[in-house]
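A short worksheet on the structure shown next.
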Amino acid sequence: MDEVTSIETSPSSNQEVPNYESPLWQYVTKVEKPLGATVKSSGNTYFKCNYYGVVYMGSYSRVKAHLLKTSNKGRGPIPISPFRRQEGSDSTNPVNGKRRKVTVNSPLEIASQNNARHDLDSKIVRMFYTDGLPFNFARNPYYSSSNAYAATCSILGYVPPGYNALRTTLLQKERAHVERLLKPIKDFWLENGVSIVSEGWSDPQRRPLINIMAVLDGGPVFIKAIDGSGCYKRDWT
Numbered sequence: 267m268d269e270v271t272s273i274e275t276s277p278s279s280n281q282e283v284p285n286y287e288s289p290l291w292q293y294v295t296k297v298e299k300p301l302g303a304t305v306k307s308s309g310n311t312y313f314k315c316n317y318y319g320v321v322y323m324g325s326y327s328r329v330k331a332h333l334l335k336t337s338n339k340g341r342g343p344i345p346i347s348p349f350r351r352q353e354g355s356d357s358t359n360p361v362n363g364k365r366r367k368v369t370v371n372s373p374l375e376i377a378s379q380n381n382a383r384h385d386l387d388s389k390i391v392r393m394f395y396t397d398g399l400p401f402n403f404a405r406n407p408y409y410s411s412s413n414a415y416a417a418t419c420s421i422l423g424y425v426p427p428g429y430n431a432l433r434t435t436l437l438q439k440e441r442a443h444v445e446r447l448l449k450p451i452k453d454f455w456l457e458n459g460v461s462i463v464s465e466g467w468s469d470p471q472r473r474p475l476i477n478i479m480a481v482l483d484g485g486p487v488f489i490k491a492i493d494g495s496g497c498y499k500r501d502w503t
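One point on numbering: in the numbering used here, the residue at position 221 of the sequence shown is 487, and numbering is uninterrupted.
So this is what it looks like as structure tokens:
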């Protein structure tokens, strides 16, 4: 038969009333008063630990002190607590063999996150609408990756690059990055040669442009574009 441990608790104005919706109540079982046990005080109840198998009397604070092995509170903590208490918080989470924390968001936190998502969506679409950006821009992989990186890495006080940085220092930095990526391909040209090809096309302003590209087994590499405005093909026949 299970051992009975009782705690005399005098009622007071600060006495906790059992709240069976509290998270730790699901790890104990409420039982009737055992024979010969102390009559329970107001706010206390008898419960049986689902892990230790012992019956105790007390309020929710007694349940928490027992399950969390809180020092100097209550008596008879379980030998190995299946819970870990987060620093600076009364919240508790079951811990598996790898001691992995499980975080459960409250309905209030979920609602707050949903509101933040809606606000962010509104700011992004206004960027598209007010500057006439093509919707196809949303398929750019760097559009998605930059937003995902910003959401993952909370950089305090970060401000996106402005007009001058985009057209000067950051442009030079990105060009140097592309040149480093192309260097192995260009080194291969010196050993095996390369074919220079051209292609004519018109930009949105209907200017005749000629693209100059280098082609080899490694793939085509854009060299430069020539504006053919004012140049005419002569017919020598």
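Each residue gets a CB set at the ideal place from its N, CA and C atoms; glycine is no exception.
Option nearest Phe454 by Cα separation, candidates Gly485, Pro474, Ile478: Sequence index remark: in the sequence shown, residue 454 carries index 188 (1-based). Of Gly485, Pro474, Ile478, the residue nearest in Cα terms is Gly485.
Rounded to whole angstroms, what is the Cα-Cα separation between Ala414 and Asp385? To locate residue 414, count along the sequence shown from 1; it is residue 148. To locate residue 385, count along the sequence shown from 1; it is residue 119. About 16 Å.
From Thr435 to Leu399, what does the alpha carbon distance come to, in whole angstroms? Stepping through the sequence shown from its first residue, residue 435 is reached at position 169. Stepping through the sequence shown from its first residue, residue 399 is reached at position 133. Going from the Cα of Thr435 to the Cα of Leu399 covers about 24 Å.
Examine the Cβ distances between the region 442 to 458 and the region 474 to 485 and report whether three or more of them are shorter than 8 Å. yes
Just the C-alpha distance for Ile273 and His332, rounded to the nearest angstrom, thanks. In the sequence shown, residue 273 corresponds to position 7, counting from 1. In the sequence shown, residue 332 corresponds to position 66, counting from 1. Because the pLDDT at Ile273 is just 40, under 50, the model does not fix this residue reliably, and the value given afterwards should be weighed accordingly. Distance between the alpha carbons of Ile273 and His332: 13 Å.
Own chain, CB closer than 6 Å to Asn477, minus 5 neighbours either side, in chain order: As a working note, residue 477 is residue 211 in the sequence shown. So the list reads Glu465, Ala491, once near-sequence residues are dropped.
From this set, Leu432, Val425, Thr418, Ile489, which residue's C-alpha is nearest Ile451's C-alpha? Taking the sequence shown and counting its residues from 1, one reaches residue 451 at position 185. The candidate whose alpha carbon is nearest that of Ile451 is Ile489.
With a CB to CB cut of under 7 Å and the five nearest residues on each side skipped, what residues in its chain are close to Leu448? Reading the sequence shown from its first residue, position 182 is the one you call residue 448. If we look at Leu448 and ignore the five residues flanking it on each side, its Cβ neighbours are Val487.
Which of the three DSSP states is assigned to Leu399 in this structure? Residue mapping note: residue 399 aligns to position 133 of the sequence shown, counting from 1. It is coil, neither helix nor strand.
Helix, strand or coil at Leu456 [DSSP, three-state]: Taking the sequence shown and counting its residues from 1, one reaches residue 456 at position 190. Helix.
Ser388 by DSSP, collapsed to three states: which one? The residue labelled residue 388 in the question sits at position 122 within the sequence shown. Residue state, collapsed to three classes: helix.
Can you tell me where the alpha helix (DSSP H) holding Lys330 begins and where it ends? One-based indexing of the sequence shown puts residue 330 at position 64. Note, Lys330: alpha helix (DSSP H), 326 to 334.
Buried or exposed by the 16-neighbour rule on C-beta atoms within 10 Å, applied to Arg328: Translated into the one-based positions of the sequence shown, residue 328 becomes position 62. Buried, because 16 or more other Cβ atoms sit within 10 Å of the Cβ of Arg328.
Can you give the Cα-Cα distance for Tyr312 and Pro289, rounded to whole angstroms? Along the sequence shown, read from residue 1 onward, the residue named residue 312 stands at position 46. Along the sequence shown, read from residue 1 onward, the residue named residue 289 stands at position 23. Going by the C-alpha atoms only, they are around 17 Å apart.
For Asn316, the nearest candidate out of Gln292, Val460, Arg446 (CA to CA): For the purposes of this step, residue 316 is taken as the residue at position 50 of the sequence shown. Of Gln292, Val460, Arg446, the residue nearest in Cα terms is Gln292.
Alpha-carbon to alpha-carbon, Leu334 and Lys296: Counted from its first residue, the sequence shown places residue 296 at position 30. Counted from its first residue, the sequence shown places residue 334 at position 68. Distance between the alpha carbons of Lys296 and Leu334: 18 Å.
For Tyr415, the first and last residue of its enclosing alpha helix (DSSP H): One-based indexing of the sequence shown puts residue 415 at position 149. Element bounds for Tyr415: 407 to 418.
For Lys439, write down the residues that DSSP places opposite it in a beta bridge. As a first step, residue 439 is located in the sequence shown; it is residue number 173 there, counting from the start. For Lys439, which the question treats as bridged, DSSP gives no partner whatsoever.
By DSSP, does Val425 sit in helix, in strand, or in coil? The sequence position of residue 425 within the sequence shown is 159, counting from 1. Residue state, collapsed to three classes: coil.
Using the beta-carbon count (16 or more within 10 Å), is Ser378 buried or exposed? Within the sequence shown, residue 378 is the residue found at index 112, counting from 1. Label assigned to Ser378: exposed.
Starting from Ser468, trace the beta strand (DSSP E) in both directions and tell me its first and last residue. Residue numbering aside, residue 468 sits at position 202 when the sequence shown is read from its first letter. Taken as a continuous stretch (DSSP letters only), the beta strand (DSSP E) holding Ser468 covers 461 to 468.
Coarse secondary structure for Pro486, derived from DSSP in three states: Taking the first residue of the sequence shown as position 1, residue 486 is located at position 220. Residue state, collapsed to three classes: coil.
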